[in-house]
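Enquirer: Residue numbers for the sequence shown follow my numbering, beginning at 156 and rising by one.
Glycine included, every Cβ here is placed at the ideal spot set by N, Cα and C.
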Amino acid sequence: MRSGAPLWPVAVGIAWRQPHYQEVMVRGAPGIDFLEVLTEDFLSPGGAARQLLLDAARRFPVSLHGAGLGLGSAVGIDGGHLRQVRELVDAVRPGAVSEYACFNRVHRPGAPIHLHARLPIPFSERSLSLLADHVDTAQEALGRQILIEPIAACLAWDEDTLSEPAFFNALARRTGCGVLVNLDSLVVTAINRGHRDEAIVRAGIAWVDEIDPAVVGQYHLAGHAQAQGVAFGGQGDPVGEDVWSLYRHALGRIGGPPDRDRPRP
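#1: Could you pull the DSSP bridge partners for Q381 from this structure?
#2: I'd like to know if the stretch 206-226 and the stretch 176-186 are in contact, where contact means that at least 3 CB-CB pairs between them fall below 8 Å.
#3: I'd like to confirm the pairing. Which residues does DSSP put opposite R260 in its beta bridges?
#4: So, G384 versus V343, is the Cβ gap smaller than 9 Å?
#5: If you follow the beta strand (DSSP E) that A170 is in, where does it begin and where does it stop?
#6: In chain order, what residues of the same chain have a beta carbon less than 8 Å from the beta carbon of P420, not counting five sequence neighbours either side?
#7: Give me the Cα-Cα distance between H269 and L193, rounded to the nearest whole angstrom.
#8: Using only the alpha-carbon positions, how far apart do F197 and I187 sit?
#9: If you check the beta carbons only, do F323 and V370 fall under 9 Å apart?
#10: When we look at the beta-carbon of G310 and count the other beta-carbons within 10 Å, is it buried (16 or more) or exposed?
#11: Could you compute how far the alpha carbon of A354 sits from the alpha carbon of V247?
#12: Which runs of the alpha helix (DSSP H) at least 4 residues long sit entirely within the stretch 191-238? Give them in chain order.
#13: If we define contact as Cβ-Cβ less than 9 Å, is L326 a contact residue for chain D?
#14: Note down the Cα distance separating P418 from L302, rounded to an integer number of angstroms.
#15: For the putative contact between I232 and L243, defined by C-beta atoms under 8 Å, what is the C-beta separation to the nearest angstrom?
#16: Take L297 and list the residues in its own chain whose beta-carbon comes closer than 6 Å to its own, dropping the five residues that flank it on each side.
#17: Our contact map puts P368 next to I409 with C-beta atoms below 8 Å; I'd like the distance itself, whole angstroms only.
#18: Hey, S318 and E365 are a contact pair by Cβ (cut 8 Å); roughly how many whole angstroms apart?
#19: Using the rule of at least 16 other Cβ atoms within 10 Å of the residue's Cβ for burial, across every protein chain shown, is G373 buried or exposed?
#20: Nearest by alpha-carbon distance to V336: which of L285, P277 and A405 is it?
#21: Should V398 and G378 be called a contact, given that it needs their Cβ atoms to be closer than 9 Å?
#22: Just mark W171 as buried or exposed, buried being the case when its beta carbon has 16 or more other beta carbons within 10 Å.
#23: Looking at P264: is its Cβ nearer than 9 Å to the Cβ of V217?
#24: Spatial neighbours of L286 within its chain, please: C-beta separation below 7 Å, excluding the five flanking residues on both sides.
#25: Going by C-alpha to C-alpha distance, which of T316, W312, Q239 and G331 sits closest to D291?
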C-alpha cells in the first residue's frame, strides 16, 4: 500500500538533533513548518527519548529520516528493524518518512554482518531491481510512500550503467516512492569525482536537470568538510555557496523549499 504524498505539500523544516531538543521544546521553532528527526534515535518504545518525540509530535509536524534499513543491501532488509520503524511510524504518524539508498549489511556464513556505515550502491539494472524490491517491501510494511535519499559518494562502481538521476527516476516509476535530494551530496560527489570550481556546480545542475521534478519530495541543505582531498558531509558545517547556487537552480526547475540539516535554533 502506498498512500499519497507527505502531509505538507510546501514546507520548510529543520533537522532536530539532541543538542537542541529542549531548546526547541521550550522556545519553539518560529518560521519552521516541521521537525525532521533521525528514526534510529527513537526506535525503543517507552523511555525519555520516545516520550520527548511524542510530545514534540503533538506540537509540530514531524518527518522521520532513517539511516538503518540498508535498502540496497543484497542480503535483504533486517525484518526486526523494519518492524521497529513500523511501530514508530504508527506512534508518531509523521508527515514524511525517508531512507537512504545504500547498503549497510553483507553476507557471511551464519549471519549477515552490519557494517554500521552507509555505503554506495551501483547504478545498474541489477541493483535497481534489488532496491526496488526492498523499497516495495518497506512501503508495504509501513503502509505509505517513502522518500529515498541518494548518498554522497567517493567512488563509482565499474558496474554502473545508468546515471544517478536516471536510476532514481526509474526507481520512483517502479515503486511509487519519492526522492529526497540532498543538494550538498551532489556537491560532495562532484568534488570526489574530480570536479573543481565552477565545474562542481555544473555537475550538480546537470543532475538536477535530469531528475524528474514529479518525483522530488524534499530537499536537504547541508554543509560539508574536506580532508586530504576527500569531501564528506560535515557535522554542523555551514551551507556553502555551491549548495545555495544549486538550490536556486532547483527552485526554478523543480520548486519547493528545503529542510536545513543540523540546525542552530
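Expert: With the given structure in hand:
#1: Translated into positions along the sequence shown, residue 381 becomes position 226. Paired residues: A386.
#2: Result yes; three or more Cβ-Cβ pairs closer than 8 Å.
#3: Taking the first residue of the sequence shown as position 1, residue 260 is located at position 105. BP columns for R260 point to H269.
#4: On the sequence shown, position 229 is the one that residue 384 refers to. On the sequence shown, position 188 is the one that residue 343 refers to. For G384 and V343, no; Cβs fall outside 9 Å.
#5: Position 15 of the sequence shown holds residue 170. Unbroken beta strand (DSSP E) run through A170: G168 to A170.
#6: As a working mapping, residue 420 is identified with position 265 in the sequence shown. With a pLDDT of only 30 at P420, under 50, the local geometry of the prediction cannot be trusted, and no value is derived from it.
#7: Indexing the sequence shown from 1 puts residue 269 at position 114. Indexing the sequence shown from 1 puts residue 193 at position 38. Rounded to the nearest angstrom, the gap between the Cα atoms of H269 and L193 is 18 Å.
#8: Within the sequence shown, the letter at position 42 stands for residue 197. Within the sequence shown, the letter at position 32 stands for residue 187. Distance between the alpha carbons of F197 and I187: 21 Å.
#9: Along the sequence shown, read from residue 1 onward, the residue named residue 323 stands at position 168. Along the sequence shown, read from residue 1 onward, the residue named residue 370 stands at position 215. Yes.
#10: The residue you call residue 310 lines up with position 155 of the sequence shown. The displayed chain sequence assigns Leu, not Gly, to residue 310. It counts as exposed.
#11: If you number the sequence shown from 1, residue 354 lands on position 199. If you number the sequence shown from 1, residue 247 lands on position 92. Each residue's alpha carbon lies about 42 Å from the other.
#12: Taking only runs of at least 4 residues, the alpha helix (DSSP H) segments lying wholly in the stretch 191-238 are 202-214.
#13: The chain inventory of the structure shown lacks chain D, comprising one protein chain alone.
#14: As a position in the sequence shown, residue 418 is number 263, starting the count at 1. As a position in the sequence shown, residue 302 is number 147, starting the count at 1. Summary for P418: the model assigns pLDDT 36, below 50, so the residue's position carries little reliability, and this model does not support an answer.
#15: Taking the first residue of the sequence shown as 1, we reach residue 232 at position 77. Taking the first residue of the sequence shown as 1, we reach residue 243 at position 88. With a Cβ gap of about 16 Å, I232 and L243 do not count as contacting.
#16: Taking the first residue of the sequence shown as 1, we reach residue 297 at position 142. So the qualifying residues of the chain are R241 and V244.
#17: Stepping through the sequence shown from its first residue, residue 368 is reached at position 213. Stepping through the sequence shown from its first residue, residue 409 is reached at position 254. Yes, they are in contact, since the Cβ atoms of P368 and I409 sit about 4 Å apart, within 8 Å.
#18: Indexing the sequence shown from 1 puts residue 318 at position 163. Indexing the sequence shown from 1 puts residue 365 at position 210. The C-beta distance from S318 to E365 rounds to 6 Å, short enough to fall under 8 Å.
#19: Within the sequence shown, residue 373 is the residue found at index 218, counting from 1. The sequence shown places Gln at residue 373, not Gly. By the neighbour-count definition (other C-beta atoms within 10 Å, threshold 16), Q373 is a buried residue.
#20: What you label residue 336 is simply residue 181 of the sequence shown in a count that begins at 1. Among L285, P277 and A405, the Cα nearest to that of V336 belongs to A405.
#21: In the sequence shown, counting from the first residue as 1, residue 398 sits at position 243. In the sequence shown, counting from the first residue as 1, residue 378 sits at position 223. Result yes, Cβ atoms of V398 and G378 sit closer than 9 Å.
#22: As a position in the sequence shown, residue 171 is number 16, starting the count at 1. W171 comes out buried.
#23: Reading the sequence shown from its first residue, position 109 is the one you call residue 264. Reading the sequence shown from its first residue, position 62 is the one you call residue 217. No, Cβ-Cβ distance for P264 and V217 is not below 9 Å.
#24: Residue numbering aside, residue 286 sits at position 131 when the sequence shown is read from its first letter. Excluding positions up to five away in sequence, the list reads L226, G227, A256, I276 and L326.
#25: Within the sequence shown, numbered from 1, the residue matching residue 291 stands at position 136. That would be G331, whose Cα lies nearest to the Cα of D291.
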